[in-house]
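Undergrad: Under the numbering used here, the first residue of the sequence shown is numbered 11, with each subsequent residue one higher. We put the CB at the ideal spot given by N, CA and C, even for glycine. I'd like to ask you about the structure that follows.
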Amino acid sequence: MALHGRHLLGIEELSGDDIKLILTTSRSFREIFTRAIKKVPTLRGKTVINLFFEPSTRTRSSFEIAAKRLSADTINFNVSSSSIVKGESLIDTGRNLQSMAPDIIVVRHTDAGAPHLLARCCKGLSIVNAGDGMHEHPTQALLDALTILDHKNKIGGLKVAIIGDIAHSRVARSNALLLKKLGAEVWICGPPTLIPLEIRQYGVQVTFQMKEALEDADIIMMLRTQKERQKEVFYPSVKEYSILYGLNKQKMKWAKKTAIVMHPGPINRGVEIDPELAEGEYSVILEQVTNGVAVRMAVLYLLLGASEEMEA
Ligand code: CP
Numbered sequence: 011m012a013l014h015g016r017h018l019l020g021i022e023e024l025s026g027d028d029i030k031l032i033l034t035t036s037r038s039f040r041e042i043f044t045r046a047i048k049k050v051p052t053l054r055g056k057t058v059i060n061l062f063f064e065p066s067t068r069t070r071s072s073f074e075i076a077a078k079r080l081s082a083d084t085i086n087f088n089v090s091s092s093s094i095v096k097g098e099s100l101i102d103t104g105r106n107l108q109s110m111a112p113d114i115i116v117v118r119h120t121d122a123g124a125p126h127l128l129a130r131c132c133k134g135l136s137i138v139n140a141g142d143g144m145h146e147h148p149t150q151a152l153l154d155a156l157t158i159l160d161h162k163n164k165i166g167g168l169k170v171a172i173i174g175d176i177a178h179s180r181v182a183r184s185n186a187l188l189l190k191k192l193g194a195e196v197w198i199c200g201p202p203t204l205i206p207l208e209i210r211q212y213g214v215q216v217t218f219q220m221k222e223a224l225e226d227a228d229i230i231m232m233l234r235t236q237k238e239r240q241k242e243v244f245y246p247s248v249k250e251y252s253i254l255y256g257l258n259k260q261k262m263k264w265a266k267k268t269a270i271v272m273h274p275g276p277i278n279r280g281v282e283i284d285p286e287l288a289e290g291e292y293s294v295i296l297e298q299v300t301n302g303v304a305v306r307m308a309v310l311y312l313l314l315g316a317s318e319e320m321e322a
């Protein structure tokens, strides 16, 4: 089914063909990055609003850069200086923004389901989920998939280890969904207190032992311990967490020699990943960031600009 006119709320709603279309389109957009003038007129006259209720470095900047490279007008809505601080609700905020006729609202929110609520309330535009609570972060999983394809030329059949604070991670959920849709073998690993039982419904393998997750892994995705979302104590100390679940050179020996190391950022250096590995030969972390721009260009283009004929 064409993506034109739809919302992007989660990987759950995308078919394997939708995902492949976004990835193929992302690859074609990367050529623009090499030009002296990194801009095409594709979305001229379209308006994209970034509505971020949570901090962001990578996602917000890359959505803005993506929109600008496609010649769309972008508005970075500043929540802290908006009428939200006077108590205006998310629905009223969305409806008022909708009245100004933007084409896309990109939303990040602390609460799971906030983009879905906006999608129900705001008609005549597309809503893109840039991370909702502990639920989904679909464009992160898409840019991760593009990075994996760049290095492995396939996703089906690869062993992918996702390690860390799974319970609070929307990145883990979106990646588990996407990778399973494309046929990868997904291993989830972390302390038992940080692995929710419901993660098994995605058809993933679960282990509390890093050795089992890393053995013969093609892809290692390290996740940040999300202190800001942790309302209880989930492990005795950061030092113990790092010893058991931090990635270092010794543990890398369990993985395939050709394994790549990924991290969505921001990184807690020395906690979930040794600084040497965050920047070493295995790391593709900054490539993920570059691919974020390409994937977000593809998403904006496919939701707004591409006709079904062009997609075909
Ligand atoms: N990966 C990610 O979502 O990073 P930001 O929080 O900086 O956007």
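Determine the DSSP secondary structure at ASP28, reduced to helix, strand or coil.
TA: Helix at ASP28.
Undergrad: Give me whichever residues DSSP pairs with GLU195 in a beta bridge.
TA: The partner list for GLU195 (beta bridge, DSSP) reads LYS169.
Undergrad: What do you reckon, is the C-beta of THR69 under 7 Å from a heavy atom of ligand 1?
TA: THR69: yes, Cβ under 7 Å from ligand 1.
Undergrad: Hey, is the region 282-289 in contact with the region 225-234, meaning 3+ C-beta pairs nearer than 8 Å?
TA: Touching, per the Cβ criterion.
Undergrad: Taking the alpha-carbon positions, what's the GLN215 to TRP197 distance?
TA: Their Cα atoms are separated by approximately 5 Å.
Undergrad: DSSP on MET144, reduced to helix/strand/coil?
TA: Looking at MET144 - three-state DSSP - the assignment turns out to be coil, as it is neither helix nor strand.
Undergrad: Which residues share a DSSP beta bridge with SER293?
TA: SER293 is bridged to VAL271.
Undergrad: Decide yes or no for the touch test of the region 27-36 against the region 46-64: beta carbon pairs closer than 8 Å, at least 3 of them.
TA: Counting Cβ pairs under 8 Å, fewer than three are found: no touch.
Undergrad: Nearest chain B C-beta to SER36 closer than 8 Å, yes or no?
TA: Absent from the structure: chain B. Only one protein chain is present.
Undergrad: I'd like to know if the region 308-316 and the region 136-144 are in contact, where contact means that at least 3 CB-CB pairs between them fall below 8 Å.
TA: Flag = yes, the region 308-316 and the region 136-144 touch.
Undergrad: Work out the CA separation of SER38 and GLY15 for me, nearest whole Å.
TA: GLY15 and SER38: Cα-Cα distance of roughly 21 Å.
Undergrad: Is the beta carbon of GLN236 within less than 7 Å of some heavy atom of ligand 1?
TA: Answer for GLN236: no, Cβ out of range of ligand 1.
Undergrad: Output the boundary residues of the beta strand (DSSP E) element that contains ASN86.
TA: Segment 83-87, the beta strand (DSSP E) holding ASN86.
Undergrad: Tell me where the beta strand (DSSP E) around THR57 begins and ends.
TA: 57-62 is the span of the beta strand (DSSP E), which, as asked, contains THR57.
Undergrad: Based on DSSP bridge pairs, tell me the residues matched to GLN215.
TA: In the DSSP output, where bridge partners are listed per residue, GLN215 has TRP197.
Undergrad: Roughly how many whole angstroms lie between the Cα atoms of GLU250 and GLU242?
TA: Each residue's alpha carbon lies about 17 Å from the other.
Undergrad: Measure from the alpha carbon of ILE176 to the alpha carbon of each residue in GLN236, GLY20, LEU153 and LEU128, then state which is nearest.
TA: It is GLN236 whose Cα lies nearest to the Cα of ILE176.
Undergrad: With DSSP as the reference, please indicate the residues paired to SER136 in a beta bridge.
TA: Looking at the DSSP assignment, SER136 forms a beta bridge with ILE114.
Undergrad: What is the DSSP secondary structure of HIS17, reduced to helix, strand or coil?
TA: Coil at HIS17, not helix or strand.
Undergrad: Which residues mark the beginning and the end of the beta strand (DSSP E) in which ILE253 is found?
TA: Premise fails: ILE253 lies in the alpha helix (DSSP H), 248-255, not in any beta strand (DSSP E).
Undergrad: Measure the C-alpha to C-alpha separation of GLY167 and LYS78 and round it to an integer number of angstroms.
TA: Each residue's Cα considered, the two are about 37 Å apart.
Undergrad: Count the other CB atoms, across all protein chains shown, that sit within 10 Å of the CB of ILE101; report buried if there are 16 or more and exposed otherwise.
TA: The residue in question, ILE101, is exposed, as its Cβ has fewer than 16 Cβ neighbours within 10 Å.
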